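S.K.: Submitted below is the structure of interest, expressed as structure tokens.
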Amino acid sequence: MTKLNLDLPGKTFWGQNDGHIDLAAFIILKRNIDRFLFPGKLDKDKRTQILSLLSKPLIDQKKDLLLLKGEECSPLDKEWLQEHFFLANPLQDFQKGSGILINSGPYSAILNVQEHLQLRFLGSKSELEEGWTALSKQDDFLQEGAPFAFSPHFGFLTSFPKDAGTGLEVEILLQTPALSLFREEEHLLFNEEDRIESLPLFSSSSGVERGLLLIRNKTSIGMSEDQILSLVKGFAEKVISKEVFLRKRLLETDESGTKDKVARAFGLLVHSYQMETLEAIEAFGWMKVGLENGWIRGVDRRKLNHLLVSVRRGHLNQTLEGDASREELLHKRAELLHSELKGIELLI
Amino acid sequence: MADFRGEEKERPFECTACRKGIKVLYTLVIRDVITEQVMCGDCPELKKRLQGSSNLTGIDKKLGETGLACGSCGTSLEQIKMGHSLGCSACYAVFNDFIIQDLIHQKALPERVLNQKKSLPLHIGKIPGKVPAENASLRLLALNEALDETLKREDYEEAARLRDQIKRLTEERHD
Chain G
1360 MTKLNLDLPG KTFWGQNDGH IDLAAFIILK RNIDRFLFPG KLDKDKRTQI LSLLSKPLID
1420 QKKDLLLLKG EECSPLDKEW LQEHFFLANP LQDFQKGSGI LINSGPYSAI LNVQEHLQLR
1480 FLGSKSELEE GWTALSKQDD FLQEGAPFAF SPHFGFLTSF PKDAGTGLEV EILLQTPALS
1540 LFREEEHLLF NEEDRIESLP LFSSSSGVER GLLLIRNKTS IGMSEDQILS LVKGFAEKVI
1600 SKEVFLRKRL LETDESGTKD KVARAFGLLV HSYQMETLEA IEAFGWMKVG LENGWIRGVD
1660 RRKLNHLLVS VRRGHLNQTL EGDASREELL HKRAELLHSE LKGIELLI
Chain W
12 MADFRGEEKE RPFECTACRK GIKVLYTLVI RDVITEQVMC GDCPELKKRL QGSSNLTGID
72 KKLGETGLAC GSCGTSLEQI KMGHSLGCSA CYAVFNDFII QDLIHQKALP ERVLNQKKSL
132 PLHIGKIPGK VPAENASLRL LALNEALDET LKREDYEEAA RLRDQIKRLT EERHD
């Protein structure tokens, strides 16, 4: 667990993130080494061989990269990695022979999780082209040493055919409190574009998260890298325009109701004794609406964006240096919010 | 604001059986043991559990009855239809017909590909070992398609960026 207390990209990026509606963008480039079975069929020895084959040139190139091996990570470490969008199914995927290479920069690599290699970029939406160029260079560099599985017909070969072709997945995380109130508008947007899907991030027994939307290309086959980047960015722009429009409409049609939502979010974050992650995440969205209307003072977007990850269970447990009970955690989350939001004022 | 009080429980992003987006929480109760699994709406595993494995239609049924399996990794067609991952590169050749049918069924192929000749490759992106110039025709095709789409949705900033790329690539080809 101690390894993840270092200055890793999640902390660096989320600590400096000034995003308004678009919070983060991810690029994932999936590759498998030619003539090896895909990870799902590989035995442990072969997985370890691939781990070494791929991690060595990357570490030689960037000496500060840290290799976290699946078998060395505690469940809490894995949860931290999931909360920072590195792993989808950490407990199932991140097993012996798997690993992740990370440093404080925006680039990382996941090894033997679904594919032999997932080169990753984490940044803002405006940095996507730059991120893709860098990942493509890394891809070329690794390809020279260990050719990747490729067929002229299907492109780069992956464990699931819909991920073949370019092997490129582009994701954008958006904060959309107004859109979450108008679910029919959200459905309309997705009905217009069947090449994009949204992913639920997490849930509790009483609901799923509201006000956050992670969108990505549904498939990477039959489209070029430029098309995928343009498709996902274009769809994100549509969502952002819709969110801006709906916020404006809310103000015009129900200003009191909107102020009430902001004031309730404020009260919840500042005065709760126990706080659920989902409640906090929903409240952050309305705090941003309050900020843009000048109804709240004493906090900025950067702090609210950072709290979005620091209130999560794994992250909180890392800072508490232990596996706190559920009750302790709920209270610690509320305490963290009180201390981070000290001095905040509601002006309505 | 909704009250989200309840047991806090992280959920994976994707269907635990086939990795698509989650739509269904499948709860299995056997005596006093309760297991929960998240699945996508059209998960073959879900269909199998609800309707049994005989629910194969059309091409699925025809292919399913052959008992086809990959000689390199042992993955069977039945497993692929259940949503399991492919085991190796050779699976793409062995299950070629099913993979293409399934991609069409999932609406995972763009219109351009559906309308093109079967002999043409599905892939139009980067090719390993080839410098971009060798792949320029396909890249130009893709950029022009992206430009058309961008103009349709009136995203002029992105359209300008794509136009610059097309211009640069066209000039490079003439040099």
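Residue numbers (this note's numbering), protein chains in the order written: chain G, 1360 to 1707; chain W, 12 to 186. For each residue, glycine too, the CB sits at the ideal point set by N, CA and C. Note that the structure is predicted; figures quoted are calculated from it, not measured.
I'd like to check one pair, V1472/G with L1446/G: are the Cβ atoms closer than 8 Å?
M.R.: Going by C-beta atoms, L1446/G is nearer than 8 Å to V1472/G.
S.K.: Is it buried or exposed, E1442/G, if we count other Cβ atoms within 10 angstroms and call 16 or more buried?
M.R.: So E1442/G ends up on the buried side.
S.K.: Quick check: what's the CA-CA separation for G1653/G versus I177/W?
M.R.: Approximately 44 Å, taken between the alpha carbons.
S.K.: Look at the Cβ atom of I1531/G, then the Cβ atom of A1642/G, and state whether they are nearer than 8 Å.
M.R.: No, they are not a contact pair.
S.K.: Exposed or buried, L1538/G, counting other C-beta atoms within 10 Å across all chains shown (16 or more means buried)?
M.R.: L1538/G should be labelled buried.
S.K.: Step through the CB atoms of chain G and report whether any lies within less than 8 Å of the CB of E89/W.
M.R.: Judged by the 8 Å Cβ criterion, E89/W is not in contact with chain G.
S.K.: Any idea if Y167/W is buried or exposed, counting beta-carbon neighbours within 10 angstroms, 16 or more meaning buried?
M.R.: By the 10 Å Cβ count, Y167/W comes out exposed.
S.K.: Counting Cβ pairs closer than 8 Å, one from the segment 1582-1599 of chain G and one from the segment 153-161 of chain W, do we hit at least three?
M.R.: Yes, they touch.
S.K.: By DSSP's criteria, N1576/G is part of a beta bridge. Which residues make up the other side?
M.R.: According to DSSP, N1576/G bridges with I1555/G.
S.K.: Can you tell me where the alpha helix (DSSP H) holding Q101/W begins and where it ends?
M.R.: Reading the sequence as shown, one finds Ala at residue 101/W and not Gln. Taken as a continuous stretch (DSSP letters only), the alpha helix (DSSP H) holding A101/W covers A101 to V105.
S.K.: Out of curiosity, what's the CA-to-CA distance linking V1598/G and L1610/G?
M.R.: When rounded, the distance between both Cα atoms is 18 Å.
S.K.: Leaving out the 5 sequence neighbours to the left and right, which residues in its chain are closer than 7 Å to S1563/G when beta-carbon positions are compared?
M.R.: With a pLDDT of only 48 at S1563/G, under the threshold of 50, the placement of this residue in the model should not be trusted; the figure read from the coordinates follows. Cβ within range, chain order: E1635 and L1637.
S.K.: Which residues, in chain order, does the segment 1509-1531 of chain G contribute to contact with chain W at a C-beta distance below 7 Å?
M.R.: Taking 7 Å as the Cβ-Cβ cut-off against chain W, the residues of the segment 1509-1531 of chain G that qualify are F1509, S1510, P1511, H1512, F1513, G1514, L1516, S1518, F1519, P1520, K1521, G1524 and T1525.
S.K.: Return helix, strand or coil for E1694/G, following the three-state DSSP convention.
M.R.: Of the three classes helix, strand and coil, the one that applies to E1694/G here is helix, per DSSP.
S.K.: Quick one: list the residues of chain G neighbouring C84/W, beta-carbon separation under 7 Å, in chain order.
M.R.: The contacting residues are L1396 and K1400.
S.K.: Does any CB atom of chain W fall closer than 8 Å to the CB of T1617/G?
M.R.: Chain W, which has no Cβ nearer than 8 Å to the Cβ of T1617/G, makes this no.
S.K.: Report yes or no: is there a C-beta of chain G within less than 8 Å of the C-beta of L57/W?
M.R.: False, the Cβ-Cβ gap to chain G never drops below 8 Å.
S.K.: Take I1655/G and list the residues in its own chain whose beta-carbon comes closer than 8 Å to its own, dropping the five residues that flank it on each side.
M.R.: These residues qualify, in order along the chain: V1621, F1625, M1646, G1649, I1703, E1704, L1705 and L1706.
S.K.: Counting only beta-carbon atoms, is E1596/G nearer than 8 Å to chain W?
M.R.: Yes, because at least one Cβ of chain W sits closer than 8 Å to the Cβ of E1596/G.
S.K.: When you compare the CB positions of L1388/G and Q1477/G, do they come within less than 8 Å of one another, or not?
M.R.: Cβ distance < 8 Å, so L1388/G and Q1477/G count as in contact.
S.K.: Just tell me which of R1672/G, S1684/G and R1661/G has its CA closest to the CA of E1699/G.
M.R.: Residue R1661/G is the option with its Cα nearest to E1699/G.
S.K.: Counting only beta-carbon atoms, is F1507/G nearer than 8 Å to chain W?
M.R.: By this cut-off, F1507/G is an interface position.
S.K.: Under a CB-based cut-off of 8 Å, is G98/W close to chain G?
M.R.: Interface residue, yes.
S.K.: Looking at C-alpha atoms only, which residue of A1508/G, L1410/G, L1425/G and L1427/G is the closest neighbour of A104/W?
M.R.: Comparing Cα-Cα distances from A104/W to each of A1508/G, L1410/G, L1425/G and L1427/G, the minimum goes to A1508/G.
S.K.: Using the Cα positions of D1377/G and V1629/G, report the straight-line distance between them to the nearest angstrom.
M.R.: Their backbone Cα atoms lie some 22 Å apart in a straight line.
S.K.: Quick one: what's V35/W bridged to in DSSP?
M.R.: DSSP lists M50/W as partners of V35/W.
S.K.: Tell me the rounded alpha-carbon separation between F1513/G and Q1633/G.
M.R.: Computed Cα separation, rounded: 51 Å.
S.K.: At a CB distance below 9 Å, what residues from the segment 1576-1590 of chain G approach chain W? Give them in sequence order.
M.R.: Those would be K1577, T1578, S1579, I1580, G1581, M1582, S1583, E1584, D1585, Q1586, I1587, L1588, S1589 and L1590, in chain order.
S.K.: When you compare the CB of K178/W with every CB in chain G, is at least one pair closer than 8 Å?
M.R.: Cβ-Cβ to chain G under 8 Å: no for K178/W.
S.K.: Using DSSP with H/G/I as helix, E/B as strand and the rest coil, what is I1386/G?
M.R.: The answer is strand: DSSP assigns I1386/G an E or B state.
S.K.: Excluding the 5 residues preceding and the 5 following K1484/G in the sequence, name in chain order all residues of the same chain whose CB lies nearer than 7 Å to its CB.
M.R.: The residues are D1381, A1384, I1531, K1592 and A1595.
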